[in-house]
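Chemist: In the working numbering, the protein residues as written are 73 to 247.
Yeah, the Cβ is synthetic: ideal placement off N, Cα and C, and Gly gets one too.
Here the structure is a predicted model, which is why all the values come from computation and not from measurement.
Structure provided below as structure tokens; questions to follow.
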Amino acid sequence: MYQTELYKIDLKGLTDEVTPVEYPIGDQFFSSIEEAQVQGGSLQVEGTIRKAVGFFELQLQVNGSVRIPCDRCLELMDQPIDTSLRFIIKLGTENSEDDDDIIVIDERDATLDTAWYVYEAIILAIPIQHVHPLGQCDAAMSEKLHQLSTARSSEADEKPIDPRWEVLEQLKRNK
Numbered sequence: 073m074y075q076t077e078l079y080k081i082d083l084k085g086l087t088d089e090v091t092p093v094e095y096p097i098g099d100q101f102f103s104s105i106e107e108a109q110v111q112g113g114s115l116q117v118e119g120t121i122r123k124a125v126g127f128f129e130l131q132l133q134v135n136g137s138v139r140i141p142c143d144r145c146l147e148l149m150d151q152p153i154d155t156s157l158r159f160i161i162k163l164g165t166e167n168s169e170d171d172d173d174i175i176v177i178d179e180r181d182a183t184l185d186t187a188w189y190v191y192e193a194i195i196l197a198i199p200i201q202h203v204h205p206l207g208q209c210d211a212a213m214s215e216k217l218h219q220l221s222t223a224r225s226s227e228a229d230e231k232p233i234d235p236r237w238e239v240l241e242q243l244k245r246n247k
């Protein structure tokens, strides 16, 4: 089992007003989360946690890249990630996340595990469509995809045109 102690912050142990936070994220991090979308990656998390009266403010910047499957060829590709996150942490009687930006941590434990919050920020930074740059997809898969799309479009061309639409087709051709 992968140790997540690196991502935990002891809030009661903070003595300075501003404390730097820095740690790497690698393949073991993603395999411990067991998410099928991200196969691995190399990222750096940097930021600060500021102690104030009655709350803590956590600001983190995540930079690097993750390996995810390409939507076209299914080969792994590197997707750059550059995202930030900011939270207000308060100590209370029980853990709570009622607000998106405010986290309440049980004051008896007073330990914030940032692993899941960083993971969510990484996942949200991945674009909906992820494809290799033009010409870098797997050649065999691209060829098969082209053959199948050509076959499907030629089948559509062979269907007879509805007579009601044929007049419109002729207008399009005359332009």
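Within 10 angstroms of the Cβ of Gln201, are there 16 or more other Cβ atoms? Answer buried if so, exposed if not.
Modeler: As a position in the sequence shown, residue 201 is number 129, starting the count at 1. Gln201 is exposed by the Cβ-count criterion.
Chemist: Within its chain, find whatever has a CB closer than 7 Å to the CB of Ser114; leave out the 5 residues flanking it on each side and keep chain order.
Modeler: Taking the first residue of the sequence shown as position 1, residue 114 is located at position 42. Gly98, Gly136, Ser137.
Chemist: Over the uninterrupted alpha helix (DSSP H) stretch that includes Glu147, give me the two end residues.
Modeler: Taking the first residue of the sequence shown as position 1, residue 147 is located at position 75. No alpha helix (DSSP H) holds Glu147; DSSP gives it neither H nor E.
Chemist: So, with DSSP's three-state summary, where would you put Lys84?
Modeler: Translated into the one-based positions of the sequence shown, residue 84 becomes position 12. Correct three-state label for Lys84: coil.
Chemist: Using a threshold of 7 Å, state whether the C-beta atoms of Val110 and Tyr95 are closer than that.
Modeler: Here residue 110 refers to the residue found at position 38 of the sequence shown. Here residue 95 refers to the residue found at position 23 of the sequence shown. Their beta carbons are not under 7 Å apart, which means Val110 does not touch Tyr95 by this criterion.
Chemist: Short of 8 Å in beta carbon distance, which residues of its chain neighbour Asp173, apart from the five on each side in sequence? Order them along the chain.
Modeler: Counting from 1 along the sequence shown, the entry for residue 173 is found at position 101. Once the five neighbours on either side are set aside, the close Cβ partners of Asp173 are Arg158, Phe159, Ile160.
Chemist: Would you identify the three-state DSSP class for Gln111, choosing helix, strand or coil?
Modeler: Against the sequence shown, residue 111 aligns to sequence position 39. It is coil, neither helix nor strand.
Chemist: Please list, in chain order, all residues of the same chain as Thr165 whose beta carbon is under 8 Å from its beta carbon, the five residues on each side excluded.
Modeler: Counted from its first residue, the sequence shown places residue 165 at position 93. Answer for Thr165: Asp178, Glu179, listed in chain order.
Chemist: Whose C-beta lies closer than 7 Å to the C-beta of Thr87 among residues of the same chain, with five residues either side of it excluded?
Modeler: In the sequence shown, residue 87 corresponds to position 15, counting from 1. Nothing listed; no residue qualifies.
Chemist: Within the same chain, show all residues whose beta-carbon is closer than 8 Å to that of Val125, passing over the 5 residues directly before and after it, in chain order.
Modeler: As a working note, residue 125 is residue 53 in the sequence shown. Excluding residues within five positions, none has a Cβ falling inside 8 Å.
Chemist: Assign Arg245 to one of three DSSP states: helix, strand, or coil.
Modeler: Translated into the one-based positions of the sequence shown, residue 245 becomes position 173. Correct three-state label for Arg245: helix.
Chemist: Does the distance from the C-beta atom of Gly112 to that of Arg144 stay below 7 Å?
Modeler: Along the sequence shown, read from residue 1 onward, the residue named residue 112 stands at position 40. Along the sequence shown, read from residue 1 onward, the residue named residue 144 stands at position 72. No, these two residues do not count as a Cβ contact at 7 Å.
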